[in-house]
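Residue numbers (this note's numbering): 2 to 74. C-beta atoms are modelled at their ideal positions from N, C-alpha and C, and glycine is treated no differently.
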Amino acid sequence: MFNLLSIMIGLVALLLGIVPFLPFLAWGYWFVIPIAVVGAAIGALSSSNSGRNLNLVLILIFGLRLMLGGGLI
Numbered sequence: 002m003f004n005l006l007s008i009m010i011g012l013v014a015l016l017l018g019i020v021p022f023l024p025f026l027a028w029g030y031w032f033v034i035p036i037a038v039v040g041a042a043i044g045a046l047s048s049s050n051s052g053r054n055l056n057l058v059l060i061l062i063f064g065l066r067l068m069l070g071g072g073l074i
């Protein structure tokens, strides 16, 4: 159950992360990354790893995009 909830949170974070991918909107990742962190925390409570891994990949991609834009030093 926790894995399914984590995957759902990850999909919401993924959908919300599409808009900040555009130029000059990368500051939106400051709002999306905490959602993925919550999803990863819930996924860590599950016996399966797919939800946690999805959220960790999203955190990595969004954080990298934020660093490339100069928003994370």
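With a CB to CB cut of under 8 Å and the five nearest residues on each side skipped, what residues in its chain are close to residue i?
i     : result
Val20 : Leu26, Gly29
Ser49 : Asn4
How far does the alpha helix (DSSP H) with residue i in it reach, from first residue to last?
i     : result
Gly11 : 3 to 17
Pro24 : Unbroken run through Pro24: none, as it is neither H nor E.
Val58 : 51 to 69
Gly40 : 30 to 45
Can you give the beta carbon distance from residue i to residue j, rounded, assuming they're within the 8 Å contact cut?
i     : j     : result
Arg66 : Phe32 : About 13 Å; that fails the 8 Å criterion.
Leu59 : Ala14 : 5 Å
Gly11 : Gly40 : 5 Å
Near residue i, which residues of its chain fall below 6 Å by C-beta distance, leaving aside the five closest residues on each side in sequence?
i    : result
Leu3 : Per the sequence presented here, residue 3 reads as Phe, with Leu not at that position. Closer than 6 Å at Cβ, skipping near neighbours: Ile43, Leu46, Ser47.
Please list, in chain order, all residues of the same chain as residue i whose beta carbon is under 7 Å from its beta carbon, the five residues on each side excluded.
i    : result
Leu6 : Ile43
Rounding to the nearest angstrom, what Cα-Cα distance links residue i and residue j in this structure?
i     : j     : result
Leu69 : Pro24 : 11 Å
Leu55 : Gly71 : 24 Å
Ile34 : Arg53 : 14 Å
Met9  : Phe63 : 17 Å
Leu57 : Leu16 : 15 Å
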